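Chains as they are written, first to last, in our numbering: chain A, 637 to 751; chain B, 15 to 126. Below is one structure; the comments refer to it alone.
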């Protein structure tokens with residue numbers, strides 16, 4: 637069964653540095669998402685992406701964050717000038733269509749640790 | 015403020031028994047309600063999705079219900095198995111492709 641893959645599984649970065657988290661969505665999916673989960677807290681929606689544009693974003697997704705689909709397979713989340721509070725698990729997800737009844741398929745996440 | 019509250023926080027049951035997990039929400043507008051299973055160290059896996067007009071949805075031993083009037087949902091698991099041990103998360107979305115509000119999850123432990 638096709639799956640969403642995320643790399644790396646764990647990223648350690650110094651505060652103030654930029655980090656890029658990578659995701660390969662399921663090949664025929666058109667909608668892409670990023671979520672984060674701070675340790676011990678609930679999952680939070682960051683952004684959705686379709687047709688090379690941001691569809692929706694949350695209040696968390698400020699100018700520090702950006703997303704890109706640099707080629708036909710990868711979907712990336714860039715965090716500029718990382719802060720300690722950016723430490724979290726970041727999940728990528730994709731769905732085939734943008735309808736309410738479409739399931740989103742999640743990757744297993746990238747654990748980001750900011751030192 | 016959009017909120018999703020789940021209960022109980024944790025639950026321990028014996029293998030073969032049934033259980034029901036609860037979800038109350040105050041998300042508005044409403045697009046859909048999803049139940050996910052999340053194993054430790056893994057990403058969430060979709061179990062059921064319900065839109066406004068649906069009041070029940072089954073996926074094998076999992077049956078979800080939705081009462082859009084009272085803004086409540088439940089997830090019923092029948093004939094539990096050891097592999098059902100996981101966190102079950104209720105997610106309510108205000109639109110089809112974004113602005114989802116997640117609950118804290120219910121941690122289910124199934125014991126032999």
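The beta-carbon is built from N, C-alpha and C at its ideal position, and this holds for glycine as well. Fair warning: this is a prediction, and the values are worked out from it, not measured in the lab.
No residue range can be given for residue 96 of chain B, since it is assigned to no beta strand (DSSP E) and is classified by DSSP as neither H nor E.
The continuous beta strand (DSSP E) containing residue 21 of chain B extends over residues 18-21.
Non-local C-beta neighbours of residue 751 of chain A in its own chain, meaning closer than 6 Å and more than five positions away in sequence, comprise 650, ordered along the chain. Interface annotation, residue 739 of chain A: in contact with chain B, CB-CB separation under 8 Å.
In this structure, the straight-line span from the alpha carbon of residue 119 of chain B to that of residue 708 of chain A is close to 34 Å. At the C-beta level, residue 729 of chain A and residue 740 of chain A come within 8 Å of one another. Residue 93 of chain B and residue 46 of chain B have their C-alpha atoms roughly 27 Å apart. Closest by C-alpha distance to residue 737 of chain A, out of B:108, B:116, B:121 and B:117, is B:108. Looking from the CA of residue 638 of chain A, the closest CA among A:675, A:665 and A:656 belongs to A:665. Here the alpha carbon of residue 743 of chain A sits roughly 17 Å from the alpha carbon of residue 116 of chain B.
Within chain A, the residues 734, 735 and 736 have their CB atoms less than 7 Å from the CB of residue 110 of chain B, given in chain order.
Going by beta carbons, residue 701 of chain A and residue 685 of chain A fall outside the 8 Å limit.
Ranked by Cα distance from residue 663 of chain A, the first of A:678, A:641 and A:712 is A:641.
Chain B has no Cβ within less than 8 Å of the Cβ of residue 714 of chain A. Contact annotation for residue 749 of chain A against chain B: no contact, minimum CB-CB distance about 15 Å [criterion: below 7 Å]. A straight line joining the alpha-carbon of residue 28 of chain B with that of residue 41 of chain B spans about 34 Å.
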